[in-house]
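> The structure is given below, and queries will be raised subsequently.
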Amino acid sequence: MKKTIFANGEYYHVYNRGVEKRDIFMDDYDRDRFLVSLKEFNQVEPILSLYISNKVPVGIRSLQKQKLVEIVAYCLIDNHYHLILRQLTDGGISEFMKRVGTGYTGYFNHKYKRSGALFQGKFKSIHVDSNEYLLYLSAYVNGNYLVHGKSESKHTSLIEYEKGENICDTKIILEEFTNFSDYENFVKINASAIHEKREDMKKYLIEQ
């Protein structure tokens, strides 16, 4: 795959899966730990660890925090993840993904008493070059559980679109729809269509 040149203000589809297609999320705690990483590692000033970061009062952390990226959407499936990111600072996406990947691999290897790489090489990325593409990509990411024939959506950012922001900045997507129900219907229709046409969509899919 051609190397992506990241530009500030642009959106990118970022994804990766476990080495040898192995599971990288063994339980809900692992998924929650990855989501905490997305939130806490997203700052220009580096932190020593999530443990130390969590000892700093929330008010102080929020004052200190200048983000590397804007997170638009995410989904965590057993053996892979998808993110939609907008770069905010020079080198922001690369630095953010390095921190997340290194931090989560260290946590995972310690917990499961293993060593070595967890992910299949460096993260992959595709430039999102139009608003239409961004909307459909958000449906693919937020509805990825449907794409893979699963029934549960709790580890996608769709819940943030419904109940309010936590990790994601949802405005760029939701402002194109009348309300959340309108967007949710858009997600389900398009994700289900992708599920039916998996063979034609291999460029954008990570197979299980």
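For the record, in the sequence shown the residue sitting at position 124 is 141 according to this note's numbering, with numbers rising by one throughout.
Cβ atoms here follow ideal geometry from the backbone N, Cα and C, with glycine treated the same way.
Predicted model, so just to flag it, every value in this text is computed and none were measured.
If distances are taken between C-alpha atoms only, which option among 32, 87, 52 and 24 comes closest to residue 190?
87
> Measure the C-alpha to C-alpha separation of residue 161 and residue 30 and round it to an integer number of angstroms.
About 13 angstroms.
> Taking 8 angstroms as the threshold (C-beta atoms), are residue 28 and residue 131 in contact?
No, these two residues do not count as a Cβ contact at 8 angstroms.
> With which residues is residue 150 paired in a DSSP beta bridge?
Residue 150 is not bridged to any residue.
> Identify the residues that DSSP records as bridge partners of residue 92: which are they?
99 and 173
> Check whether the Cβ atoms of residue 141 and residue 32 sit closer than 8 angstroms, and answer yes or no.
A contact, by the Cβ cut-off of 8 angstroms.
> Compute the Euclidean distance between the alpha carbons of residue 112 and residue 172, then round it to the nearest angstrom.
Their Cα atoms are separated by approximately 24 angstroms.
> Along the beta strand (DSSP E) that carries residue 142, what are the first and last residues, could you check?
Here the beta strand (DSSP E) through residue 142 covers 141-145.
> Put residue 23 into one of helix, strand or coil per three-state DSSP.
coil
> Which of helix, strand or coil does DSSP assign to residue 32?
Strand.
> Does DSSP put residue 53 in a helix, in a strand, or in coil?
helix
> Could you tell me which of 206, 99 and 198 sits nearest to residue 178, measuring between CA atoms?
198
> I need the DSSP call for residue 210, collapsed to helix, strand or coil.
helix
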